[in-house]
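Just so we're aligned: the sequence shown equals residues 2 to 147 in this note's numbering.
Think of the CB as a built atom: it goes at the ideal place given N, C-alpha and C, for glycine as much as any other residue.
Values in this document were obtained by computation on a predicted structure and should not be read as measured data.
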Amino acid sequence: MHIRLETEVDGNFREVIAAFDQRLFEALKPPLAKMEIVEFTGSQKGDRVHIRFLQPIKAEWISIITADEMHETEAWFTDEGTQLPWPLVFWKHQHLIQKVSEDRSLIVDNIQFRAKNAFLSFLLYPAIFMGFWPRKKIYRKYFLRG
């Protein structure tokens, strides 16, 4: 399954990609999920993110940053799940930041996921979509220039 969310924010794309740190990650926590960040080493290739969900389900989630690149008009990094909560068996999330202007950027969340079977993937789609939808508002507020 594929989910793509786009959010335009204040800030040069290089500044925006540089702000993808633990502070932003904590701000992006899903509103209904109680979780703790066990490990966050960064957003560059080889870095690792380990999350422990406490509610509504108890589960471990570990992702490795498998790619990161910077170009003239865009930058991105990709995290891939190595330990996922049931029923997920595949997770790949590209965080793409594109230059809109010198002081505006577009954040694109490109998410690919798969559950144990197509039916479960279909059932998970709305939950994952709604888990990421609030990021649009959070991104706008986080990168708002005063």
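Run of the alpha helix (DSSP H) containing residue i, from where it starts to where it stops
i	result
MET2	Per DSSP, MET2 belongs to no alpha helix (DSSP H) and is neither H nor E.
ILE129	119-133
ALA34	It is not in any alpha helix (DSSP H) - ALA34 carries neither H nor E in the DSSP assignment.
LYS59	LYS59 -> no alpha helix (DSSP H), and no H or E assigned at all.
Candidates the options, of which the one nearest residue i by Cα
i	options	result
TRP87	LEU125, ALA34 and ALA20	LEU125
MET131	ASP104, LYS30 and LYS93	LYS30
ILE38	LYS137, LYS46, ARG24 and GLN45	ARG24
ASN111	ILE52, GLY12 and LYS93	LYS93
PHE144	ARG105, LEU6, ALA68 and ALA119	ARG105
ALA20	LYS59, ILE108, LYS138 and THR67	ILE108
HIS96	GLN45, LYS142 and GLN56	GLN45
ARG49	GLU103, GLU27, GLY82 and ILE65	ILE65
PRO32	PRO135, GLU70 and HIS51	PRO135
HIS72	GLY43, GLN56, GLY47 and ASN13	ASN13
THR74	GLU103, PHE26 and LYS142	GLU103
GLU70	ILE139, ARG15 and PHE133	ARG15
ASP11	LYS100, LYS59, ILE58 and ASP22	LYS100
Beta bridge counterpart(s) of residue i as assigned by DSSP
i	result
VAL50	PHE41 and SER64
ARG115	PHE91
GLY1	Residue coverage of the chain in this structure runs from 2 to 147, which leaves residue 1 outside it and unanswerable.
ARG24	Paired residues: none, contrary to the question.
ILE139	In the DSSP output, where bridge partners are listed per residue, ILE139 has none listed.
HIS96	PHE78 and ASP110
Beta-carbon contacts of residue i that lie in its chain and below 6 Å, excluding the five residues immediately before and after
i	result
LYS2	Here residue 2 turns out to be Met, not Lys, going by the sequence shown. Once the five neighbours on either side are set aside, the close Cβ partners of MET2 are PHE114, SER122 and TYR126.
GLN84	GLU61 and ILE63
ARG5	ASN111
ILE18	ALA76 and ILE98
THR67	THR79 and GLU81
THR42	ASP48 and ARG49
LYS35	LEU55 and GLN56
Cβ-based neighbour list, residue i, same chain, cut-off 8 Å, excluding 5 preceding and 5 following
i	result
VAL90	ARG115, ALA116 and LYS117
ILE58	PRO86
ILE139	ALA28 and LEU29
Test: residue i CB closer than 7 Å to a CB of chain D
i	result
ALA19	In summary, chain D is missing from the structure at hand, where a single protein chain is found.
Other residues of its chain near residue i: CB distance less than 7 Å, five sequence neighbours each side excluded
i	result
ARG141	THR8 and VAL10
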